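*Asks:* Could you have a look at this structure, given as C-alpha cells, before my questions?
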Amino acid sequence: MEILLFIGVILYLSIVLDILQTTLSMQGGGWLTSRFSHLFWKLLLIVSGRNGKAKILAHGGYFLLISIVLIWVLLLWGSLVCILYSHPASIIDSTTKVPANFWQITYYSGFTLSTLGMGDYVASTDLWRIVTSIYSFTGLILLTMSVTYFIPVLSAVIDQRKLGIRLSTLGSSPEEIIISGWNGENFEPFIKKVEDISESIIKYSQQHRAYPVIHYFHNNKEKNAIILQLARLYEALIIISDQVKEEIRPEYKEIKPLMIAYENYFEVLTEVTHINPEKHGPPSPGIKKLLEKELIFDNLKDDNFPEDIDYNRRMFKTLVRQDGWSWKLVDIKNS
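Note that full-length UniProt numbering gives residue 85 to position 85 of the sequence shown, counting from 1, and the numbers run on in steps of one.
As C-alpha cells, then:
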C-alpha cells in the first residue's frame, strides 16, 4: 500500500504546483496545463479538418478552460483517494465504525475536496483528520483561484479580439498596409499609428505570458483573426524597414517601438507555447504594386532575409498553420 501513498503525495504536489504556476506565475502555465492545452488544441485541429473557419475552434478556448479545471479537480480527488486507500482503516463509518471500502473512500474524498463535509464517514485518527483538513483547504483555494483566474483570462481574450479588429483596419495584405501608410511623400500616416499599435502588441504579449491559454481562443472570422493580422503587419514592417528606397524609408527610431514590440512577442511565444518553427519559411511577400508605385528597389533577391527575420517568419508560418489558416490569407500575392 506504500506505493499508493507515494502516488497520492506526488499527484497532490504536482497538481498544486501546476495550479500555482498557472494562476499566479508570470512565466506561463504549469507543466501539465501547458502540455494538455497543446494536445487539446491539436485534437481540435484534427476534428475541424484544420479549417480555421470551423465553429468548434471558435469554442475551443472555453472548452479548454473548463477541461483544465476538471483535470485539476479529478487529479486532486484521485490523489486523496490513493492516500486514504493506502491505509485500510483511515476512514470509517461514523455510526458503525466499520472501515470504508474503496467506493466509500472515493465518496468521502469527493465531498472533502468540495468542502461539503457530509458527516456519514469520518477520519479514524488525528493524522487522517489533518489530511482531510489539508484537502478541504486545497479544494477551497482551487475554487477561489479558478474563479479569479477566469475573469482576467476572459478580459485578455476581449483585448486580443479588439487588437485583431484594430489591425485588420490597416489593410488586407502587407502591400495594402504599406500603400495605405504612404501619403505620396512619406510614411507619416503609418508612423503616426506605430506607438499605439506597439503598446497594444506589448500588452497582448504580456497577457500571453500571464495567461497562455488565450493562445487557444480562436476567432473563426478570417478578417479578424489575430495571428493573420500580426503576421501581415510583420511582413509589411520587414518591407518598410529593409526594402523601401532609402530616400523615403522611415528612420529606424520611428519604427523602433514596433520592432521592440515584435521582439517581445516572439520572446514570449518561445517561452510559453513550446512551438518549433517550420524548417522552411513562407514565400517572400508580394511587391508588385509597390514596384508599380516605385516605393521599393526592383533588384531585390527573393527570400534573402537575415537569420533572425527568417526565424520569425518561420514561426509565423507555423502559428498560422496551427491556427487552422493558410499563408495565402496573410499575403494576397500567394493566393
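Using N, Cα and C, we set each Cβ at its ideal position, and we do this for glycine too. Just so you know, these numbers come straight off a predicted model, no measurement behind them.
Counting C-beta neighbours from all protein chains within 10 Å, is the total for A89 16 or more, i.e. buried, or is it exposed?
*Replies:* Taking the sequence shown and counting its residues from 1, the one referred to as residue 89 is at position 89. Answer is exposed; the Cβ neighbour count stays below 16.
*Asks:* So, with DSSP's three-state summary, where would you put D126?
*Replies:* Here the question's residue 126 lines up with position 126 in the sequence shown. Helix, per DSSP.
*Asks:* Nearest to L17 by alpha carbon, out of T144, W31 and E251?
*Replies:* Numbered from its first residue, the sequence shown carries residue 17 at position 17. If we check each option's Cα against that of L17, W31 comes out closest.
*Asks:* With DSSP collapsed to three states, give me the class of I177.
*Replies:* On the sequence shown, position 177 is the one that residue 177 refers to. I177: helix per DSSP, three-state reduction.
*Asks:* On the criterion of 16 or more Cβ atoms from any shown chain inside 10 Å, does N304 qualify as buried, or is it exposed?
*Replies:* Counting from 1 along the sequence shown, the entry for residue 304 is found at position 304. By the neighbour-count rule (16 or more Cβ atoms within 10 Å), N304 is not buried but exposed.
*Asks:* At a cut of 8 Å, does the region 280-288 reach the region 255-267 through at least three beta carbon pairs?
*Replies:* Output reads no: the region 255-267 does not touch the region 280-288.
*Asks:* Assign F316 to buried or exposed, taking buried as 16 or more other Cβ atoms, counted over all protein chains shown, within 10 Å of its Cβ.
*Replies:* Taking the first residue of the sequence shown as 1, we reach residue 316 at position 316. That one is buried.
*Asks:* Assuming S180 and L170 make a contact with CB atoms under 8 Å, what is their CB distance in whole Å?
*Replies:* As a position in the sequence shown, residue 180 is number 180, starting the count at 1. As a position in the sequence shown, residue 170 is number 170, starting the count at 1. Correct: roughly 7 Å between the Cβ atoms.
*Asks:* One question on the structure: do G29 and W41 come within less than 8 Å of each other, judged by their Cβ atoms?
*Replies:* The residue you call residue 29 lines up with position 29 of the sequence shown. The residue you call residue 41 lines up with position 41 of the sequence shown. Not a contact, by the Cβ cut-off of 8 Å.
*Asks:* If you reduce the DSSP assignment to three classes, tell me which class L121 lands in.
*Replies:* Along the sequence shown, one-based indexing puts residue 121 at 121. This sequence places Tyr at residue 121; Leu is not what is there. Here Y121 sits in strand by DSSP.
*Asks:* Looking at L230 and W325, is the spacing between their C-beta atoms short of 8 Å?
*Replies:* Translated into positions along the sequence shown, residue 325 becomes position 325. Translated into positions along the sequence shown, residue 230 becomes position 230. It is not a contact, given that the beta carbons lie outside the stated cut-off.
*Asks:* Would you say the beta carbon of L319 is closer than 7 Å to some non-hydrogen atom of the ligand NAD?
*Replies:* The ligand NAD is absent from the structure shown, which contains no ligands of any kind.
*Asks:* Quick one: measure Cβ to Cβ for L80 and G164, integer angstroms, because I've assumed they're closer than 8 Å.
*Replies:* Stepping through the sequence shown from its first residue, residue 80 is reached at position 80. Stepping through the sequence shown from its first residue, residue 164 is reached at position 164. The Cβ separation is near 43 Å, so there is no contact.
*Asks:* If we count the other Cβ atoms within 10 Å of its Cβ and call it buried at 16 or more, is Q27 buried or exposed?
*Replies:* In the sequence shown, counting from the first residue as 1, residue 27 sits at position 27. Exposed, by the Cβ-count rule.
*Asks:* With DSSP run on the structure shown, which of helix, strand or coil describes P212?
*Replies:* Residue numbering aside, residue 212 sits at position 212 when the sequence shown is read from its first letter. Here P212 sits in helix by DSSP.
*Asks:* For the beta strand (DSSP E) containing I91, list its first residue and its last residue.
*Replies:* The count along the sequence shown starts at 1 and reaches residue 91 at position 91. Element bounds for I91: I91 to D93.
*Asks:* If you drop the 5 nearest sequence neighbours on each side, which residues of the same chain put their C-beta closer than 8 Å to that of L11?
*Replies:* Looking up residue 11 in the sequence shown gives position 11. Contacts found: L75, L76, G78, S79 and C82.
*Asks:* Is it buried or exposed, P306, if we count other Cβ atoms within 10 angstroms and call 16 or more buried?
*Replies:* Mapped onto the sequence shown, residue 306 falls at position 306. Exposed, since its Cβ has fewer than 16 Cβ neighbours within 10 Å.
*Asks:* Which stretch, first to last residue, makes up the alpha helix (DSSP H) that contains S48?
*Replies:* Here residue 48 is taken as the residue at index 48 of the sequence shown, counted from 1. W31 to S48 is the span of the alpha helix (DSSP H), which, as asked, contains S48.
*Asks:* Let me make sure I understand the geometry here. Which of A58, E247 and I68 has the alpha-carbon closest to that of K184?
*Replies:* Along the sequence shown, one-based indexing puts residue 184 at 184. Per the sequence presented here, residue 184 reads as Gly, with Lys not at that position. Per the Cα distances, E247.
*Asks:* Compare the C-alpha of G110 against each of T138, I309 and K97 and name the closest.
*Replies:* For this step, residue 110 is matched to residue 110 along the sequence shown. Nearest of T138, I309 and K97 to G110, Cα basis: T138.
*Asks:* With M315 as the anchor, note down where its alpha helix (DSSP H) starts and where it stops.
*Replies:* Sequence index remark: in the sequence shown, residue 315 carries index 315 (1-based). Where M315 is concerned, the enclosing alpha helix (DSSP H) stretches over E307 to Q322.
*Asks:* Taking all protein chains shown into account, decide if W182 is buried (16 or more other Cβ within 10 angstroms of its Cβ) or exposed.
*Replies:* Translated into the one-based positions of the sequence shown, residue 182 becomes position 182. Result: buried.
*Asks:* Taking buried to mean at least 16 other C-beta atoms within 10 Å of its own C-beta, is R274 buried or exposed?
*Replies:* Here residue 274 refers to the residue found at position 274 of the sequence shown. What sits at residue 274 in the sequence shown is His, not Arg. By the neighbour-count rule (16 or more Cβ atoms within 10 Å), H274 is not buried but exposed.
*Asks:* Going by DSSP in three states, I287 sits in which element: helix, strand or coil?
*Replies:* Locating residue 287 in the sequence shown gives position 287, counting from the first residue. It is coil, neither helix nor strand.
*Asks:* Please name the residue in S168, K328 and Q243 whose C-alpha comes closest to that of residue 351.
*Replies:* With the chain represented from 1 up to 335, any question about residue 351 goes unanswered, as that position is not in the structure.
*Asks:* Going by the CB atoms, is the gap between L167 and L237 shorter than 8 Å?
*Replies:* Working through the sequence shown from its first residue, we reach residue 237 at position 237. Working through the sequence shown from its first residue, we reach residue 167 at position 167. Cβ distance not < 8 Å, so L237 and L167 don't count as in contact.
*Asks:* Please state the DSSP three-state secondary structure of residue 362.
*Replies:* No statement about residue 362 is possible, as the shown extent of the chain runs from 1 to 335 and does not include it.
*Asks:* Rounded to whole angstroms, what's the CA-CA distance from P174 to K288? Just pull it up for me.
*Replies:* Taking the sequence shown and counting its residues from 1, the one referred to as residue 174 is at position 174. Taking the sequence shown and counting its residues from 1, the one referred to as residue 288 is at position 288. So the two alpha carbons sit approximately 11 Å from each other.
*Asks:* Is F6 buried or exposed, if buried means 16 or more other CB atoms sit within 10 Å of its CB?
*Replies:* Your numbering for residue 6 matches position 6 in the sequence shown. Looking at its Cβ environment, which holds fewer than 16 other Cβ atoms inside 10 Å, F6 is exposed.
*Asks:* In this structure, how does DSSP classify P277 when only helix, strand and coil are distinguished?
*Replies:* As a first step, residue 277 must be located in the sequence shown, where it is residue number 277. P277 falls in the coil class under three-state DSSP.
*Asks:* Mark E49 as exposed unless 16 or more other C-beta atoms lie within 10 angstroms of its C-beta, in which case mark it buried.
*Replies:* Residue numbering aside, residue 49 sits at position 49 when the sequence shown is read from its first letter. According to the sequence provided, residue 49 is Gly. The question's Glu does not apply to it. Exposed, since its Cβ has fewer than 16 Cβ neighbours within 10 Å.
*Asks:* Suppose you measure from the CA of K53 to the CA of I214; what does that come to, to the nearest Å?
*Replies:* The residue labelled residue 53 in the question sits at position 53 within the sequence shown. The residue labelled residue 214 in the question sits at position 214 within the sequence shown. K53 and I214: Cα-Cα distance of roughly 18 Å.
*Asks:* Could you compute how far the alpha carbon of M1 sits from the alpha carbon of L57?
*Replies:* Numbered from its first residue, the sequence shown carries residue 1 at position 1. Numbered from its first residue, the sequence shown carries residue 57 at position 57. Rounded to whole angstroms, M1 to L57 spans 44 Å at the Cα level.
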